[in-house]
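What follows is one structure encoded as structure tokens, with my remarks underneath.
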Amino acid sequence: MNETTCAMIALVGRPNVGKSTLLNALVGEKVAIVTAKPQTTRNRITGVVTRGSAQYIFLDTPGLHRARTRLGEYMDNVSRSSVADVDAAVLVVEPIASPGEPERELMRRMEQMGVPSLLVINKVDKVERKEELLAVIAAYEQEHHFDQIAMVSAKQGDGVESLFALFAPYQVPSPWYFPGDAFTDQPERVLVGELLRQKLLTCLDKEIPHGTAVSIERFREREDGVIDIEAVIYCEKASHKGIIIGKKGAMLKKISSLAREEMEALLDAKVFLQTWVKVKEHWRDNPGLIRSFGFTEE
188 MNETTCAMIA
198 LVGRPNVGKS
208 TLLNALVGEK
218 VAIVTAKPQT
228 TRNRITGVVT
238 RGSAQYIFLD
248 TPGLHRARTR
258 LGEYMDNVSR
268 SSVADVDAAV
278 LVVEPIASPG
288 EPERELMRRM
298 EQMGVPSLLV
308 INKVDKVERK
318 EELLAVIAAY
328 EQEHHFDQIA
338 MVSAKQGDGV
348 ESLFALFAPY
358 QVPSPWYFPG
368 DAFTDQPERV
378 LVGELLRQKL
388 LTCLDKEIPH
398 GTAVSIERFR
408 EREDGVIDIE
418 AVIYCEKASH
428 KGIIIGKKGA
438 MLKKISSLAR
448 EEMEALLDAK
458 VFLQTWVKVK
468 EHWRDNPGLI
478 RSFGFTEE
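Using the working numbering, read the sequence shown as starting at 188 and increasing by one per residue.
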């Protein structure tokens, strides 16, 4: 029997560079929500891939940004701390030949921690002249020594499979952390809550979605196989509550319907979803409420 190995790999970068899209592409399942809006990921999401005797554990982190709330500070702390105690860190960037301060901060952190680092340039499908990518590589090589550099389009799936060959050297002898058929450490009730939050981000404009949190109050499978889910959407202002519900409940119905469809695909079962909207003023600056909504740094 082959000796089992594991590699724990952190995906880091500024908001909206495609870390969650890359995680989903690597795992082959939707374990992290993806939207066009920045700061979608709030917690550290784990994706798991087991191939042969090797298990890869990927940590998708919130994008590093300038925090404006206590929740934002929490997200930044998660992003910075994720490069510690991993076998390798992957800095995911867009194909722009000018590293910004978020990238420099993460590269400094990698160097301080002495963690092996890889550079993955994402969204290369948007680059018309491929020689432009040479300038991107040169700009980052001037800032930090990367063990390896790769170019992918996570959204299209191009180059994703070849990343596993780059990750292989970071495997270390170890028992697996997860069963061989696992693809995430997130409980189903967390995954369905994230699916609902994704639809809030998709259907609503500007700042309102970032002032929302989702709490799954009930998750129960009936004898006939139907799963009952009761969810509460929390927002910060009464005016936001009205926008989320919409005229005659139309917006909430749309959000819930879209979320239910994806929940059924995820759970491979019929879902009866009920949603309510409640106001919790300034919850993003309240440590107790932040913890109660499931945001912990451990």
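Cβ atoms here follow ideal geometry from the backbone N, Cα and C, with glycine treated the same way.
Within 7 Å, strictly: CB atoms of residue i and residue j
{"i": "T399", "j": "I420", "result": "yes"}
{"i": "F245", "j": "L293", "result": "no"}
{"i": "L305", "j": "D334", "result": "yes"}
{"i": "L439", "j": "I430", "result": "no"}
{"i": "V235", "j": "F370", "result": "yes"}
{"i": "K434", "j": "V464", "result": "no"}
{"i": "T192", "j": "Q358", "result": "yes"}
{"i": "L383", "j": "A418", "result": "yes"}
{"i": "I416", "j": "L460", "result": "yes"}
Start-to-end residues for the beta strand (DSSP E) that takes in residue i
{"i": "Y243", "result": "A241 to D247"}
{"i": "F406", "result": "A400 to E408"}
{"i": "L391", "result": "Here L391 belongs to no beta strand (DSSP E), and DSSP marks it neither H nor E."}
{"i": "I414", "result": "I414 to C422"}
{"i": "T192", "result": "T192 to V199"}
Counted within 10 angstroms of its Cβ, other Cβ atoms place residue i as buried (16 or more) or exposed
{"i": "E423", "result": "buried"}
{"i": "E348", "result": "exposed"}
{"i": "R409", "result": "exposed"}
{"i": "S444", "result": "exposed"}
{"i": "V466", "result": "exposed"}
{"i": "V204", "result": "buried"}
{"i": "Y364", "result": "exposed"}
{"i": "L251", "result": "Confidence is the limiting factor: at L251 the pLDDT is only 43, short of 50, which leaves the residue's position unreliable, though a coordinate-based value still follows. That one is buried."}
{"i": "S340", "result": "buried"}
Anticipated Cβ contact below 8 Å, residue i with residue j, distance rounded
{"i": "P286", "j": "I308", "result": "With a Cβ gap of about 11 Å, P286 and I308 do not count as contacting."}
{"i": "A337", "j": "L321", "result": "That pair is no contact at about 14 Å."}
{"i": "G412", "j": "K457", "result": "7 Å"}
{"i": "A194", "j": "A275", "result": "7 Å"}
Limits of the alpha helix (DSSP H) - the one that residue i falls within
{"i": "Y327", "result": "E319 to E330"}
{"i": "K465", "result": "Here K465 belongs to no alpha helix (DSSP H); instead the beta strand (DSSP E) covers V458 to V466."}
{"i": "V279", "result": "First-last for V279: A275 to V280, but that is the beta strand (DSSP E), not the alpha helix (DSSP H)."}
{"i": "N203", "result": "Taken as a continuous stretch (DSSP letters only), N203 belongs to no alpha helix (DSSP H), as it is neither H nor E."}
In DSSP terms, what residue i is bridged to
{"i": "M338", "result": "I308"}
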